[in-house]
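Structure first, then comments.
There are 2 protein chains.
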Amino acid sequence: MFSLRRPPAHRLSRLFATSAARSGRAVVYAVNGDPATVLRVRSVPALPPPPAGTLNLQVLLAPINPADLNVVEGVYPSKPRADDAVHLPTHSVSDPLDTGTVWVGGNEGVARVSAVGPGVSGLGVGDWVILTRPQAGTWAAERAVAAADVARVPDAEALTEAQAATLTVNPPTAYNMLSEFIDLAPGDWVVQNGANSAVGQAVIQIAKARGLNTLNLVRHRPEIDELKQRLHALGATQVLTYDELADKSVRDKIKAWTGSKAIRLGLNCVGGKDTALMARLLGADAHLVSYGAMAKQPLSLPTSLFIFKNLKSHGFWQTRWYSMKSAEERAQLMQTLVNLIKENKLDTPAHEVLTISAAQTDEEATEKLQEAMVAMSEGRYGKKLLLKIE
Amino acid sequence: MFSLRRPPAHRLSRLFATSAARSGRAVVYAVNGDPATVLRVRSVPALPPPPAGTLNLQVLLAPINPADLNVVEGVYPSKPRADDAVHLPTHSVSDPLDTGTVWVGGNEGVARVSAVGPGVSGLGVGDWVILTRPQAGTWAAERAVAAADVARVPDAEALTEAQAATLTVNPPTAYNMLSEFIDLAPGDWVVQNGANSAVGQAVIQIAKARGLNTLNLVRHRPEIDELKQRLHALGATQVLTYDELADKSVRDKIKAWTGSKAIRLGLNCVGGKDTALMARLLGADAHLVSYGAMAKQPLSLPTSLFIFKNLKSHGFWQTRWYSMKSAEERAQLMQTLVNLIKENKLDTPAHEVLTISAAQTDEEATEKLQEAMVAMSEGRYGKKLLLKIE
């Protein structure tokens, strides 16, 4: 991986020539590096009619997930394939990243089938689909894909674009962490940190739907009461800040809440030393499952928890889950999640749509996108960002 | 738990009265605290003939394991039972620890059956046994125990006292860690730190007997070449210091050794940040098993190993293993280990015998024992210490 310095915004306009006859656009990168520097909005040629076994898709809405930025940076273990590269006409010899061979960013999103190639069965124009192959590139108005690389969204008519666009990463992560490591029965407790993350919110809702209790840990913030209310409204049983957890008297409170029932599943997206406080809440023979590392510090746990309380520490990666499971199992999971959405038991986390408008030039759109990337890297988005390319 | 200051050695003699008619002695403590302060050698009355269902034992040799000192300190999760307390006549009103109600230290050791109570079958005078109930107290010349709390040492005639006395903690820990977490086939690799610990030496020998390769990590020391030779003589495939491991070029060396075969089992008794270096040597879907924390720092591992390489971190505690298994399974494990000893595939680690001589008074013996405890706490014993009460 290597990184480029971001050119000052006022110089960006000189790096791009205006595209006269674009038919769609895509958010692309030619090299790995800081997303605020290497991402470009580029006009791309119209797709030809789909060859045999393939589809043309119109992407409706695609999340910009933190992991997607790690892919752009080149530090994520899951990468696009070499043959996912898109070859574009170069516009500007003065833009070192306008190399003509680029990758489209994005891993998740919902698309509408716009054309079906010969020999494709079970999918028709107008169907909503998601891409099942990781890192295939969803940040584009249109994509041409192998029919084998998509799955039809079940009951799409019942879903909003935002619900369908965010269906394949966070909700299945939450669902699987609640079911793959330990059998939980209604009334059992689960503890999680980073509880207001997108996965955390899905955990709260899916746990609630299963009759499980959740003890949710969040950072203190000025509007903590509002956040607690919001998580309670989603179905959180209890919410504590890490500061509240550090107070020794809280142990008695938690014992009263749980009726001294051992908590045997902990979900971690924070890491560092603070996670040890959460791990100490777990009873004997418990499982700690990590799916993120927001503190950017190693997971640090007392060895005694492993030896004397038989704690087991695992990781969970939805990409790996998909790679281990059959198409039928993947479809079954999606149906389960869609059913929860239809029953109003699972909703999309708070989000904001970043629109790349047809009225903007590539240069204007790139500048807007790069500003959003800077804001995201500085943690100024509290909400999930969804990309809409008009 | 509470801790007492150690009285100066020259005052100890005033704290004890000489026992005129002792029939045996024991190493006891009346309160939890620093072993160098709270442990006493006390003369104890002769045992009466054993009641029904019980045995009298003559303890031949008993290790002083680090965990035993943690029990004395009161910081170990496994503790003696209340009814294990021994009631002794008090000798000295000026010794605050001469309270009359004391616990005998020690968890491991070999004893000879000296008398058999009515209704006990399968055990006879002269049999060698080990105590199967944790923390029953082995640091004594004699003990009276329930027959159900002992197991006969198989093929005792083929074993030395030291081999039998150290049979129940370290070798089974090594054996079970090599078999309970992942199926290993001959030629597979295992990596371990603290490789010159008693468990580490057993791991090397048992792995060698199974045709497994070991990559052994040890601290650098002046006599490192000698240590490496000693571990190689036990059967170690490769030995590296942590300093050598920190050098990036070692990765290629390890790849050449293993033929790029993934290492899927790591054994940890160190903890802290250095263990991450070892964990990074593990391939996908590996297991890291911790059985000690010599660095006295939390186990600190990159979360990415859990998420993207599917690392699983466990603990192993032989006491728990015994509590989960039947008497038959425990006997089978002991037979397996005795067979390895008889085949000269497993030997006792380097050790030193601390003898409490019949010629010493209780005061003299206590002073000698407390000096040994100070030396042990300062890490001045490189060898395992075995207690012999004449």
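Going line by line, the protein sequences match chains F and S. When we follow this note's numbering, the leftmost residue of the first sequence carries the number 1, and every step to the right adds one. When we follow this note's numbering, the leftmost residue of the second sequence carries the number 391, and every step to the right adds one. The beta carbon of each residue, even a glycine, is placed where N, CA and C say it ideally should be.
Backbone CA spacing between residue i and residue j [nearest angstrom]
{"i": "F:M373", "j": "F:S357", "result": "17 Å"}
{"i": "F:L39", "j": "F:Y322", "result": "28 Å"}
{"i": "S:A411", "j": "S:V515", "result": "Low local confidence applies: a pLDDT of 44 at S:A411 is under 50, so the model's placement there is unreliable, and no value is given."}
{"i": "S:V593", "j": "S:L723", "result": "15 Å"}
{"i": "F:L401", "j": "F:L282", "result": "For chain F, the structure presents residues 1 to 390; residue 401 of chain F sits outside this window and is missing."}
{"i": "F:I307", "j": "F:G119", "result": "57 Å"}
{"i": "S:Y632", "j": "S:R609", "result": "6 Å"}
{"i": "S:S484", "j": "S:L744", "result": "28 Å"}
{"i": "S:P544", "j": "S:P456", "result": "26 Å"}
{"i": "S:R670", "j": "S:L695", "result": "8 Å"}
{"i": "F:G137", "j": "S:G772", "result": "59 Å"}
{"i": "F:A295", "j": "F:D225", "result": "23 Å"}
{"i": "S:S511", "j": "F:A195", "result": "60 Å"}
{"i": "S:E718", "j": "S:L568", "result": "20 Å"}
{"i": "F:V31", "j": "F:T366", "result": "16 Å"}
{"i": "F:T99", "j": "F:V72", "result": "16 Å"}
{"i": "F:N170", "j": "F:Q370", "result": "24 Å"}
{"i": "F:S114", "j": "F:V59", "result": "10 Å"}
{"i": "F:A253", "j": "S:S716", "result": "According to the sequence provided, residue 253 of chain F is Lys. The question's Ala does not apply to it. About 38 Å."}
{"i": "F:K261", "j": "F:K368", "result": "51 Å"}
Local Cβ density within 10 Å of residue i, reported as buried at 16 or more and exposed below that
{"i": "F:P222", "result": "exposed"}
{"i": "S:E532", "result": "buried"}
{"i": "S:H704", "result": "buried"}
{"i": "F:H87", "result": "exposed"}
{"i": "F:S197", "result": "buried"}
{"i": "S:D578", "result": "buried"}
{"i": "S:P739", "result": "buried"}
{"i": "F:P172", "result": "buried"}
{"i": "S:S433", "result": "buried"}
{"i": "F:T54", "result": "buried"}
{"i": "S:T427", "result": "buried"}
{"i": "F:E108", "result": "buried"}
{"i": "F:Q335", "result": "exposed"}
{"i": "S:P524", "result": "buried"}
{"i": "F:E378", "result": "exposed"}
{"i": "F:N176", "result": "buried"}
{"i": "F:M324", "result": "exposed"}
{"i": "F:A375", "result": "exposed"}
Beta-carbon proximity of residue i to residue j, cut-off 7 Å
{"i": "S:N606", "j": "S:V629", "result": "yes"}
{"i": "F:L299", "j": "F:T275", "result": "yes"}
{"i": "S:R548", "j": "S:K732", "result": "Just to set this straight, residue 548 of chain S is Ala in the shown sequence, not Arg. Cβ distance < 7 Å, so S:A548 and S:K732 count as in contact."}
{"i": "S:V494", "j": "S:A416", "result": "yes"}
{"i": "F:V41", "j": "F:D362", "result": "yes"}
{"i": "F:T101", "j": "F:A82", "result": "no"}
{"i": "F:L386", "j": "F:Q205", "result": "no"}
{"i": "S:A626", "j": "S:T604", "result": "yes"}
{"i": "F:Q413", "j": "F:L234", "result": "There is simply no residue 413 of chain F to check, as chain F begins at 1 and stops at 390 in what is shown."}
{"i": "S:G661", "j": "F:T303", "result": "yes"}
{"i": "S:L621", "j": "S:L602", "result": "no"}
Host alpha helix (DSSP H) of residue i (start-end)
{"i": "S:S680", "result": "No alpha helix (DSSP H) contains S:S680, which is instead part of the beta strand (DSSP E) from L672 to S680."}
{"i": "F:Y29", "result": "That residue, F:Y29, is in no alpha helix (DSSP H); its beta strand (DSSP E) goes G24 to Y29."}
{"i": "S:W711", "result": "Q708 to M714"}
{"i": "F:T336", "result": "A327 to K342"}
CB-CB length for residue i against residue j, believed under 8 Å
{"i": "S:L451", "j": "S:P425", "result": "Actually they are not in contact, since the Cβ atoms of S:L451 and S:P425 sit about 19 Å apart, beyond 8 Å."}
{"i": "F:L267", "j": "F:V289", "result": "5 Å"}
{"i": "F:L167", "j": "F:L337", "result": "6 Å"}
{"i": "S:V580", "j": "S:L655", "result": "5 Å"}
{"i": "S:W518", "j": "S:G496", "result": "Not confirmed; about 17 Å, so no contact."}
{"i": "S:L521", "j": "S:V506", "result": "That pair is no contact at about 16 Å."}
{"i": "F:S23", "j": "F:P51", "result": "In fact, because the Cβ distance is near 18 Å, the residues do not count as touching under 8 Å."}
{"i": "S:K774", "j": "S:P438", "result": "Not a contact, Cβ separation roughly 34 Å."}
{"i": "F:H287", "j": "F:I182", "result": "5 Å"}
{"i": "F:A164", "j": "F:A156", "result": "6 Å"}
Delimiting residues of the beta strand (DSSP E) encompassing residue i
{"i": "F:K384", "result": "K384 to I389"}
{"i": "F:N213", "result": "N213 to V218"}
{"i": "F:Q391", "result": "One cannot answer for residue 391 of chain F here, as it falls past the ends of chain F, which runs 1 to 390."}
{"i": "S:P453", "result": "T444 to I454"}
{"i": "F:S313", "result": "K312 to G315"}
{"i": "F:T394", "result": "Outside the shown range of chain F (1 to 390) lies residue 394 of chain F, about which nothing can therefore be said."}
{"i": "F:G379", "result": "From DSSP, F:G379 is part of no beta strand (DSSP E); its letter is neither H nor E."}
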